[in-house]
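Position one of the sequence shown corresponds to residue 539 (the numbering used here), numbered consecutively onward.
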Amino acid sequence: MSQSPWTDISSADLSKDVFSWSQPPGFGDRQAFNLEYTLFAPGNGTYIAYLADTGGHPVSEQISFTTDAANPYREVYIGFRHIR
Numbered sequence: 539m540s541q542s543p544w545t546d547i548s549s550a551d552l553s554k555d556v557f558s559w560s561q562p563p564g565f566g567d568r569q570a571f572n573l574e575y576t577l578f579a580p581g582n583g584t585y586i587a588y589l590a591d592t593g594g595h596p597v598s599e600q601i602s603f604t605t606d607a608a609n610p611y612r613e614v615y616i617g618f619r620h621i622r
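Spelled out as structure tokens, the structure:
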């Protein structure tokens, strides 16, 4: 059985109409977000994230990042901005 090479994380359980903040006021690079996805125990790997339309076609640039199980800093923030 083949598995899709991508994971749809746009469910209503993850995405919301209200924005939250990545940090409290005054801390680091504070960013607003409305979708949070947690990948438990990612191990070592390379991942690609992008925005897609309802047909699964990319509508943004691809963002590539790697994970390392030995890295104690296991947070990745990816921000997309709508520009006209």
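In this text, a Cβ means the ideal position worked out from N, Cα and C, and glycines have one as well.
Keep in mind the model is a prediction, meaning the values are calculated, not measured.
Sheet register partners of residue i (DSSP bridge)
i	result
Ile601	Ala587
Pro596	Ala590
Proximity winner among the options, relative to residue i (alpha-carbon distances)
i	options	result
Asp606	Val614, Gly593, Ile616 and Pro580	Pro580
Arg619	Gly566, Gly564, Ala570 and Trp559	Ala570
Ser602	Gly583, Phe578 and Pro610	Gly583
Residue i in three-state terms, based on DSSP
i	result
Ser560	coil
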